[in-house]
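**Student:** Chain order of the listed sequences is A and B.
Letter by letter, the first sequence follows residues 899 to 1177 of the working numbering.
Letter by letter, the second sequence follows residues 477 to 731 of the working numbering.
Note that CB positions come from ideal geometry on N, CA and C, so glycine has one too.
These figures come from a predicted structure and were not determined experimentally.
Got a structure here, written out as structure tokens. Questions coming.
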Amino acid sequence: MTSSAHMIELREVSHAYRTKAGPLPVLDGLSMQVPENSFCAVVGPSGCGKSTLTRLVSGLMRPDHGQVWLHSKLVTSPRPTVGMAFQNPVLLEWRTILQNILLPLEIVKSPMSKAEAIERAHHLLDLVGLTGFAEKRPSELSGGMRQRASLCRSIIHKPDVLILDEPFGALDAFTREDLWCTMHDLRREEPFTCLLITHDLRESVFLADQVVVMSGRPARAQYVLDVDLPGPRTLDDLYSPAAVAMLATLRHQIQVAQGRATDADAPLDGHAKPAEVTA
Amino acid sequence: MNDTLRKILAPTLFIVGILALWEWAVWYNQLPDYRMASPSDLIPRYIRFWDLFLIKSWETLWRTVAGLGLAVVFGTLVGMIMGFSRFAREGLYPILVGFNAIPKATVVPIVALMFVGQHDFNTVLIAFIISFFPIAVSVSIGLSTLEPEYRDILRSLGASNVTIFWKIALPKTLPEFFGALKVAVTLAFIGTNLMEIVSPHGRGLGDLFDSGRINADYPLMFAVLFALAALGIVLFYVVVFLERIFAGWAERSPG
Ligand SMILES: Nc1ncnc2c1ncn2[C@@H]1O[C@H](COP(=O)(O)OP(=O)(O)OP(=O)(O)O)[C@@H](O)[C@H]1O
Ligand SMILES: [Mg+2]
């Protein structure tokens, strides 16, 4: 088996959950690639298997068929070089926010000293707008604040692959836009490969180098969009003609995935590119 | 009213009130000592038998705590086995329930016969048997209902199961554990007294109660009941205190 030059690569991945009513196929021949230090956003209808995808990439689950490669190695179990923020951001209630954020460093070996780690945690809290909440308990935070704390926890150990499952879902539009910019800043400070699951098309276009649209369940990569907006991006770029065209394309593709439209009524734009399928 | 002041004042007020009511009821109905003792009859008993009360209380206390300690260790172990293995849970559960359903008064003579003369051992054993069930059940439920999301936080970083147990499962189960411990401490206490009274062997407050019964010293029997209640309260609040320290995070501030 040849190794891949990509940071994340999925080859013909199929997976079914075993439920009481029989097997539920969720992914069916999903293939995609994410180059090193690039940002990939995944969009798709609710329940199509996006969270399942994150669990497969992080090694929490193994696919029934196909392979997941990370850093040119076949994924068989979780790796400490991966950071993950879950869709449901559970924090440990018996720890303070700071202790929660430092948790990965108790598992993962890191060159950081204790003091450096605490300083980094405070820095991250500042970045996500949680200055002064380090000593609070999770029960004292709102849902959106917990989500932001869980985001800090996912990057505290400087992972080289970051997997984010709708990390901004519970945030108001303005905080969300602030955090998009924060993500750009973070990537400039320390490059990492990112896999972002999202429902927000504007978010995907603003943040990603590549947007993958998943089809309805059982899902595969239905469409891949290369976002060739020049950097550094600003929020205003989202209103440029190129971005608007991309958003229209993505919107159409989601509707196709939901079975509410066909390729015939596709909007005209120069970005369309059929999904790459590596057999 | 100040919070701490109320916490002390309210129970004191109620205790004094109930004692006064009782005293008055006995006096009003002209009940003789051998029908119903009144609080004022108890004080001379405490004065007369003070040394005895201290010794016997200590005997009851340490055997209860020893039994409870065993129950905590053994109950947690069984709970862990049941919590982590579905097979063990399904296999052990009916046995535990059946075991718990046996009235412990019937176990006392059997234990007393099995280990003749080993009074301390027997008493600790009964205290243990009667109190380990809630601990085992609560730990097993706490562990088996641990949301996978909690596990995944650490699992996604490649943590071992042992690490996950120490960092997540154990602290997460502590509130349930202490809930069970509050039940168990009272049960262990009942177990100790059961042994002391059903199979008298000259030790513990149960023995003092028994001698009150034999000598028809009704006020002494009442005095023992009160000593037992006081000891029970102390034990219970020690657990509450430990709970505050180790699982205080689970307590949400009201409002
Ligand atoms: N542990 C599980 N056991 C059985 N079925 C599951 C399990 N987890 C998910 N599913 C099913 O698999 C499908 C995909 O779930 P998944 O969580 O991956 O969807 P998703 O794309 O993340 O959805 P959303 O956008 O709503 O978060 C759903 O239909 C869900 O019912
Ligand atoms: Mg999901």
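Determine, using beta-carbon pairs with one atom in the stretch 514-526 of chain B and one in the stretch 569-577 of chain B, whether at least three such pairs fall under 8 Å.
**Tutor:** Result no; under three Cβ-Cβ pairs closer than 8 Å.
**Student:** Ligand 1 heavy atoms versus the CB of A/Thr-1029: any closer than 8 Å?
**Tutor:** No, the Cβ of A/Thr-1029 stays beyond 8 Å of every heavy atom of ligand 1.
**Student:** For the beta strand (DSSP E) that A/Trp-967 lies in, which residues bound it at each end?
**Tutor:** From DSSP, the beta strand (DSSP E) with A/Trp-967 extends over 963-968.
**Student:** Could you work out which residue in A/Met-905, A/Gly-1129, A/Pro-961 is closest to A/Lys-971 when comparing CA atoms only?
**Tutor:** The option with the nearest alpha carbon to A/Lys-971 is A/Met-905.
**Student:** Please state whether DSSP places B/Tyr-713 in a helix, a strand or coil.
**Tutor:** Correct three-state label for B/Tyr-713: helix.
**Student:** Should B/Trp-642 go down as buried or exposed, given a rule of 16 or more other Cβ atoms within 10 Å for buried?
**Tutor:** Its Cβ having fewer than 16 others within 10 Å, B/Trp-642 is exposed.
**Student:** Per DSSP, what kind of secondary structure is B/Arg-511 in: helix, strand or coil?
**Tutor:** Three-state DSSP puts B/Arg-511 in coil, outside helix and strand.
**Student:** Any idea what DSSP makes of A/Lys-971, helix, strand or coil?
**Tutor:** The answer is strand: DSSP assigns A/Lys-971 an E or B state.
**Student:** DSSP three-state label for A/Glu-1088, please.
**Tutor:** Looking at A/Glu-1088 - three-state DSSP - the assignment turns out to be coil, as it is neither helix nor strand.
**Student:** Please state whether DSSP places A/Ala-983 in a helix, a strand or coil.
**Tutor:** Reduced to three states, the DSSP call for A/Ala-983 is strand.
**Student:** Compile a chain-ordered list of the residues in the stretch 622-645 of chain B whose CB is closer than 8 Å to at least one CB of chain A.
**Tutor:** Correct list: Glu-623, Glu-625, Tyr-626, Asp-628, Ile-629, Leu-630, Arg-631, Ser-632, Leu-633, Gly-634, Ala-635, Thr-639, Lys-643, Ile-644.
**Student:** Check whether the Cβ atoms of B/Ser-616 and B/Ile-557 sit closer than 9 Å, and answer yes or no.
**Tutor:** It is a contact, given that the beta carbons lie within the stated cut-off.
**Student:** Check the Cβ of A/Phe-883 against every Cβ in chain B and list those closer than 8 Å, keeping chain order.
**Tutor:** Outside the modelled stretch of chain A, which goes from 899 to 1177, sits residue 883 of chain A, for which no answer is possible.
**Student:** Taking Cβ positions only, does B/Leu-657 come closer than 9 Å to chain A?
**Tutor:** Not closer than 9 Å to any Cβ of chain A, the Cβ of B/Leu-657 fails to qualify, so no.
**Student:** Could you tell me which residues DSSP pairs with A/Gly-1114 in its beta bridges?
**Tutor:** Bridge partners of A/Gly-1114: none, in fact.
**Student:** Use the C-beta contact count for B/Lys-648: other C-beta atoms within 10 angstroms, 16 or more gives buried, fewer gives exposed.
**Tutor:** So B/Lys-648 ends up on the buried side.
**Student:** What three-state label does DSSP hand A/Gln-1120 in the structure shown?
**Tutor:** Looking at A/Gln-1120 - three-state DSSP - the assignment turns out to be strand.
**Student:** Work out the CA separation of B/Gly-545 and B/Leu-528 for me, nearest whole Å.
**Tutor:** Spanning the two alpha carbons is a distance of roughly 26 Å.
**Student:** Could you name the residues of the same chain whose beta carbon sits closer than 8 Å to that of A/Pro-1089, not counting the 5 residues immediately before and after it, in chain order?
**Tutor:** Closer than 8 Å at the Cβ level, and outside the excluded window around A/Pro-1089, lie Asn-935.
**Student:** Nearest to A/Ile-1061 by alpha carbon, out of A/Val-924, A/Asp-962, A/Arg-977, A/Asp-1161?
**Tutor:** Measuring from the Cα of A/Ile-1061, the nearest candidate turns out to be A/Arg-977.
**Student:** DSSP on B/Leu-646, reduced to helix/strand/coil?
**Tutor:** Three-state result, B/Leu-646: helix.
**Student:** Use the C-beta contact count for B/Leu-497: other C-beta atoms within 10 angstroms, 16 or more gives buried, fewer gives exposed.
**Tutor:** The residue in question, B/Leu-497, is exposed, as its Cβ has fewer than 16 Cβ neighbours within 10 Å.
**Student:** Please go through the same chain and pick out, in chain order, the residues whose beta-carbon is closer than 7 Å to the beta-carbon of A/Leu-1127, but skip the five residues on each side of it.
**Tutor:** So the list reads Asp-1135, Ala-1140, Ala-1141, once near-sequence residues are dropped.
**Student:** Between the Cα of B/Asp-693 and the Cα atoms of B/Tyr-510, B/Asn-505, B/Phe-490, B/Trp-500, which residue gives the shortest distance?
**Tutor:** When each option's Cα is compared against that of B/Asp-693, the closest is B/Tyr-510.
**Student:** Hey, could you find the ends of the beta strand (DSSP E) A/Arg-909 is sitting in?
**Tutor:** Where A/Arg-909 is concerned, the enclosing beta strand (DSSP E) stretches over 906-917.
**Student:** Run through DSSP, which three-state label would A/Val-1026 get?
**Tutor:** The answer is coil: DSSP assigns A/Val-1026 none of H, G, I, E or B.
**Student:** Could you spell out the range, first to last residue, of the beta strand (DSSP E) harbouring A/Phe-937?
**Tutor:** Note, A/Phe-937: beta strand (DSSP E), 937-941.
**Student:** What three-state label does DSSP hand B/Ile-491 in the structure shown?
**Tutor:** Of the three classes helix, strand and coil, the one that applies to B/Ile-491 here is helix, per DSSP.
**Student:** So which residues of chain A does B/Pro-647 contact, with C-beta pairs closer than 8 Å?
**Tutor:** Correct list: Leu-990, Trp-992.
**Student:** Taking just the CA atoms, how far does A/Thr-994 sit from B/Thr-540?
**Tutor:** Their backbone Cα atoms lie some 36 Å apart in a straight line.
**Student:** How close, in whole Å, do the beta carbons of B/Glu-672 and B/Thr-599 come, if the pair is a contact with beta carbons under 8 Å?
**Tutor:** Contact flag correct, Cβ pair sits at about 7 Å.
**Student:** In terms of residue numbering, what span does the beta strand (DSSP E) encompassing A/Leu-1062 cover?
**Tutor:** Unbroken beta strand (DSSP E) run through A/Leu-1062: 1059-1063.
**Student:** Which residues have their C-beta within less than 7 Å of a heavy atom of ligand 2, listed in chain order?
**Tutor:** Spelled out in chain order, the answer is A/Lys-948, A/Ser-949, A/Gln-985, A/Asp-1063, A/Glu-1064, A/Ile-1095.
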